[in-house]
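Protein chains in written order, with my numbering: chain A, 38 to 123; chain B, 38 to 123; chain C, 723 to 848; chain D, 723 to 848. Backbone N, C-alpha and C fix where the C-beta goes; we use that ideal spot for every residue, glycine too. Please read these numbers as outputs of a predicted model, since none were measured by experiment. Each remark here refers to the structure printed beneath this line.
Have a look at this one:
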């Protein structure tokens, strides 16, 4: 399983900070979404300060930070959405 | 002033009950809208039972029953409007 | 076309929306009332609407004035048909623009509610 | 056209409304968000929207399901643009049909509010 990867998608401010729109994380075993974020920030330290503003989404659904990511999963950290004034 | 008239417009259920859409009321002097209604019902007794369902409008504005109608005014008694469920 | 129309002509919602000035506006809400078929299980082929036209225009114009006095609201246009309207066809339309979305939606709700309460327009039996 | 569209194509509101099945429905409410100019006094020539398209479609489809589960609501259609959208042009549209007017207006409000809260779509700087 050493080549099993998780695809991390970066959008909007995260994409702009990272200068790219996808990152592959190689996992030896399933890891929490929070653990994946830490691994991501090791590769792209500029993202570290943004954790409190993003919501994790696993396979296109919002999930809690404790959710387990499996190899082959699609992971994204959703920056604040357009929302705006009501 | 004996020929001074008030035009009363009848709509919807009132028009259907009365079988006509306008009635002229001849006033000797200004009369309350409530008084005009009584005069109207003397001419068209079929309307008498409908007083509680209608709202008076004088010159195209809702008015209280005590409002004074002058010769030359346009008077209507507005049956319940379409309203319906919200 | 004036901001308030009461009469037999068909409703062209696209034309109404094109009329609305969008400068400074971020939202447009629209309400359309259509002749419902079936209505509570009963088949309806059409409805006939009767109006005290001059007063309906004046009352709806007042309602539009109340709505556009609200914060953020831009323009409000209203049309209500009279005469025969077939099933599934629009009998009334309200278009409201505003800076923000709830202002537009609330204006639309206010206008259609007040219209239904105050405008002298009736559904009449065949 | 599916009930939920996220992509660069222009919004054709008339076509969306024609798609809505009106059987048993008495009301259609529509919300359109447009690129606001000026916005808080600042001139805006366009906005650029970026989406996590697959998730946005899935999230908006869930929101539409929540809205149509409400009493009286018929159909709900949603379109959100991605890429560049010029000032005064529609970036998002919601069309909701219902038996009665408040059901349609409330469904429309619910969907646009939840979309703005949950759909992964962003305005991005040039």
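At a cut-off of 9 Å between C-beta atoms, residue 843 of chain C does not count as an interface residue with respect to chain D. The Cβ neighbour count for residue 57 of chain B, taken over all protein chains shown within 10 Å, is under 16; the residue is labelled exposed. Exposure of residue 783 of chain D is indicated by the presence of fewer than 16 other C-beta atoms within 10 angstroms of its C-beta.
Within the same chain, Cβ atoms closer than 8 Å to the Cβ of residue 775 of chain C are found at 728, 729 and 804, the five residues on either side in sequence being excluded. Taking the Cα of residue 77 of chain B as reference, the smallest distance to any Cα among B:112, B:107 and B:103 is reached at B:112. Chain order gives no chain A residues near residue 836 of chain D, where near means a beta carbon separation below 8 Å; the closest approach is about 11 Å. Taking C-beta atoms as the reference points, residue 750 of chain D and residue 818 of chain D count as a pair closer than 9 Å. The Cβ atoms of residue 826 of chain D and residue 802 of chain D do not sit closer than 9 Å to each other.
Nearest in C-alpha terms to residue 63 of chain B, of all of B:93, B:107 and B:50, is B:107.
Look at residue 781 of chain C: its C-beta is under 9 Å from a C-beta on chain B. Separation of the CB atoms of residue 800 of chain C and residue 725 of chain C is rounded to 7 Å, and the pair is thereby assigned contact status at 8 Å.
In summary, the residues of the stretch 732-760 of chain D whose CB is separated from some CB of chain C by less than 9 Å are 735, 736, 739, 744, 745, 746, 747, 748, 749, 750, 751, 752, 753, 754, 755, 756, 757, 758, 759 and 760, in the order they occur in the chain. By the neighbour-count definition (other C-beta atoms within 10 Å, threshold 16), residue 74 of chain A is a buried residue. If you look at residue 102 of chain B, you'll find it isn't in any beta strand (DSSP E); DSSP assigns it neither H nor E. At a cut-off of 9 Å between beta carbons, residue 847 of chain C contacts chain B.
For residue 755 of chain D, the closest alpha carbon among the candidates D:813, D:824, D:736 and D:744 is that of D:813.
Between residue 772 of chain D and residue 52 of chain A, the C-beta spacing is below 9 Å.
For a cut-off of 8 Å, the C-beta gap from residue 845 of chain C to residue 769 of chain C is around 5 Å, short enough to register as a contact.
At least one C-beta of chain A is nearer than 9 Å to the C-beta of residue 840 of chain D. Here residue 759 of chain D is buried, its C-beta having at least 16 other C-beta atoms within 10 Å. Contact annotation, residue 114 of chain B with residue 91 of chain B: C-beta distance approximately 4 Å; criterion of less than 8 Å satisfied. Residues of chain A with a Cβ closer than 9 Å to the Cβ of residue 772 of chain D are, in chain order, 48, 49 and 52. With fewer than 16 other Cβ atoms from the protein chains shown falling within 10 Å of its own Cβ, residue 723 of chain D counts as exposed.
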